[in-house]
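Report on one structure; see the data block that follows.
Numbering (the working numbering), first residue to last: 293 to 624.
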């Protein structure tokens with residue numbers, strides 16, 4: 293018999309992973325935007341994401357909406373605990389979206405819109421990373437409700453995860469530009485990737501070394517039998533992929549650095565899954581405790597079974613249509 297709770301956990305995990313993969317690189321371009329020369333290079337960077345950036349955020353809506361519908365208890369606990377960073381994330385995404393459109397339509401204030409595009413991207417990214425860190429370090433619960441304070445989410449560990457995601461998204465953005473652009477902008481993206489790749493490996497190491505000591509469950513998963521069989525391989529895999537990415541930045545196919553950076557994100561997500569499974573709120577609430585009634589899950593699964601393939605279909609089609617290189621006038 294199929295466990296619908298596990299199915300829904302997989303759907304939400306897939307939606308979150310898809311969002312990180314697809315919206316991460318355009319947030320990264322926003323983070324790096326002030327480093328690009330005004331004019332042709334900035335226009336090329338914007339044109340490289342213009343056809344796809346709006347649709348990328350569909351996965352964020354699916355992940356958040358799916359959490360509310362499939363795991364209402366988790367939604368009811370997480371939101372009060374993380375109102376501040378989540379609201380900051382949404383405001384950052386709004387500012388970024390408005391700036392993206394208005395920098396073309398209001399060239400007289402383009403400097404302001406460029407600043408807003410960068411600022412919104414940084415705020416949204418930091419908020420996402422801080423949210424992840426706050427979840428990992430644990431949320432204070434009394435019965436079935438949040439019982440912590442307003443600032444519980446703000447800790448050195450959550451700030452570290454926020455900074456780590458900032459580095460990771462910036463590297464994703466730089467590697468995307470290696471793939472999609474040519475000339476001076478591509479050369480700058482290669483130099484930037486050379487700086488950011490070691491930084492990403494360092495912050496992955498710091499977060500990974502800190503995480504097992506946040507919860508007893510994490511420590512058991514990573515350092516006790518049989519979890520150590522998997523955990524012992526992760527640092528080696530990260531080091532190998534990091535080395536391959538370093539080589540790919542300087543030589544080889546232009547798409548290779550982006551693929552390898554995505555693989556680094558994928559390994560990080562696998563490590564996260566090993567740590568928290570099967571909890572939806574780490575160390576507090578399991579997916580089965582937070583799940584909606586079975587009939588509700590079945591009803592929603594019918595809708596998801598239709599919508600998710602449609603979203604995947606138009607996303608793949610959009611990336612296929614705009615698969616070439618880009619210049620200041622658009623794709624060619």
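For each residue, glycine too, the CB sits at the ideal point set by N, CA and C.
Can you tell me the Cα-Cα spacing of residue 393 and residue 556, whole angstroms?
Approximately 31 angstroms between the Cα atoms of the pair.
Whose C-beta lies closer than 7 angstroms to the C-beta of residue 586 among residues of the same chain, with five residues either side of it excluded?
Apart from the 5 residues on each side of it in sequence, residue 586 sits with its Cβ closer than 7 angstroms to the Cβ of 296 in its chain, given in chain order.
For residue 521, count the other beta carbons within 10 Å of its own beta carbon; 16 or more makes it buried, fewer makes it exposed. Which is it?
Counting every other CB atom within 10 Å of its CB across the protein chains shown gives residue 521 a total below 16, marking it as exposed.
Pick helix, strand or coil for residue 434, following the three-state DSSP scheme.
It is a strand residue.
Would you be able to state if there are at least three C-beta pairs under 8 angstroms between the segment 346-363 and the segment 592-604?
Contact holds: three or more Cβ-Cβ distances are below 8 angstroms.
What is the rounded straight-line gap between the Cα of residue 446 and the Cα of residue 455?
Cα to Cα, residue 446 sits roughly 13 angstroms from residue 455.
In DSSP terms, what residue 590 is bridged to:
Note: residue 590 sits in no beta bridge, so no partner.
Determine which residues share a DSSP beta bridge with residue 578 and list them.
According to DSSP, residue 578 bridges with 571.
Sub-8 angstroms separation of residue 355 and residue 304 beta-carbons
Yes; because the gap between Cβ atoms is below 8 angstroms, this pair is in contact.
Taking Cβ positions, are residue 389 and residue 419 nearer each other than 8 angstroms?
No, the pair does not count as a contact, with Cβ atoms beyond the cut-off.
Put residue 330 into one of helix, strand or coil per three-state DSSP.
In the three-state reduction of the DSSP assignment, residue 330 falls in the coil class, being assigned neither a helical nor a strand state.
Closest to residue 326 by CA distance: which of 369, 386, 413 is it?
The residue from 369, 386, 413 with its alpha-carbon nearest to that of residue 326 is 413.
Can you give me the C-alpha to C-alpha distance between residue 604 and residue 306, rounded to a whole angstrom?
A direct Cα-Cα distance of roughly 11 angstroms separates residue 604 from residue 306.
Would you say the beta carbon of residue 416 is closer than 7 angstroms to some non-hydrogen atom of the ligand SAH?
Among the components modelled here there is no ligand, and therefore nothing to report on the ligand SAH.
With H, G and I counted as helix, E and B as strand and the rest as coil, what does DSSP make of residue 325?
Shown here, residue 325 sits in a helix according to DSSP, grouped into three states.
Using a Cβ-Cβ cutoff of less than 8 angstroms, which residues in the same chain neighbour residue 453 once the five nearest sequence positions on both sides are dropped?
If the five residues before and after residue 453 are omitted, its C-beta is found closer than 8 angstroms to the C-beta atoms of 421, 422, 424, 425, 428, 499, all from its own chain and listed in chain order.
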